[in-house]
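> Remember, the numbering used here sits 1484 above the position in the sequence shown when you count from 1.
Quick one: this structure, given as structure tokens, is what I'll be asking you about.
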Amino acid sequence: MLNEVKFFYLKKILKNFFRIVFVFLLFHCGLKPVPPPAGNFCDVWHKPIECVELDFRNGIGNIDQRIFPMRMKSIVLYNIEIENRQNVFVEVLHEHRVRIIFPGKEPRLYLRIKDKQDRVKRWEKAKEEWDEFFK
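Right, here's the structure in full:
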């Protein structure tokens, strides 16, 4: 009876230990958040339609046909310094949505415009990989 009690506690301790190790490995397995890809984002709610081109991975923002460097505060918050030391804040809400806050203006939601050529390029690349797989 005494051995059964010791075995029960040992089993319980090992079970909890493996749970903790599994959860730690699950969340610490090396998966890092990745910035969204580059693209054209347009404010379709206001007329005239304003578009900006943002490249998050290279840290480049094209606003008003001028290129400005972007500083990453976190994986979802970026800061663009435009003329007169004014800061434009870019918040990534989703891969296809960003909120841009210009100084002295209300925040605006910009949606990513899908490029048909990008879709064609991805399809061609997938077809090449498929053909290589079945050679």
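Ideal Cβ positions, reconstructed from N, Cα and C, are used throughout, including at glycine.
For methionine 1554, which residues from the same chain have a beta carbon less than 6 Å from its beta carbon, with the 5 sequence-adjacent residues on both sides left out?
Cβ within range, chain order: Gly1543, Gly1545, Tyr1562, Ile1564.
> Quick check on DSSP: helix, strand or coil for phenylalanine 1618?
Coil, per DSSP.
> From the DSSP output, in three-state form, read off phenylalanine 1540 for me.
Note: phenylalanine 1540 maps to coil in three-state DSSP.
> State the beta-bridge partners of glutamate 1534 as determined by DSSP.
Answer is Asp1527.
> Distance check for valine 1536 and asparagine 1571, CA to CA, integer angstroms please.
Near 15 Å, if we compare the C-alpha coordinates of valine 1536 and asparagine 1571.
> If we call anything under 8 Å between Cβ atoms a contact, is histidine 1530 one with arginine 1606?
No. Outside cutoff.
> Roughly how many angstroms lie between the CA atoms of glutamate 1534 and isoleucine 1504, to the nearest whole one?
If you take the alpha carbons of glutamate 1534 and isoleucine 1504, they lie about 50 Å apart.
> Which term fits leucine 1538, buried or exposed, when burial requires 16 or more other beta carbons within 10 angstroms of its beta carbon?
It is buried - the Cβ of leucine 1538 has at least 16 other Cβ atoms within 10 Å.
> Rounded C-beta distance between glutamate 1575 and proline 1520? I'm assuming under 8 Å.
The pair is not a contact, with the Cβ atoms about 12 Å apart (cut-off 8 Å).
> Are alanine 1522 and phenylalanine 1540 close, meaning C-beta to C-beta below 8 Å?
Yes, the pair counts as a contact, with Cβ atoms nearer than the cut-off.
> Need the endpoints of the beta strand (DSSP E) that valine 1572 sits in, please.
That run of the beta strand (DSSP E) goes 1570–1578.
> Just the Cα atoms here: how many angstroms apart are serine 1558 and lysine 1495?
Roughly 42 Å separates the two Cα atoms.
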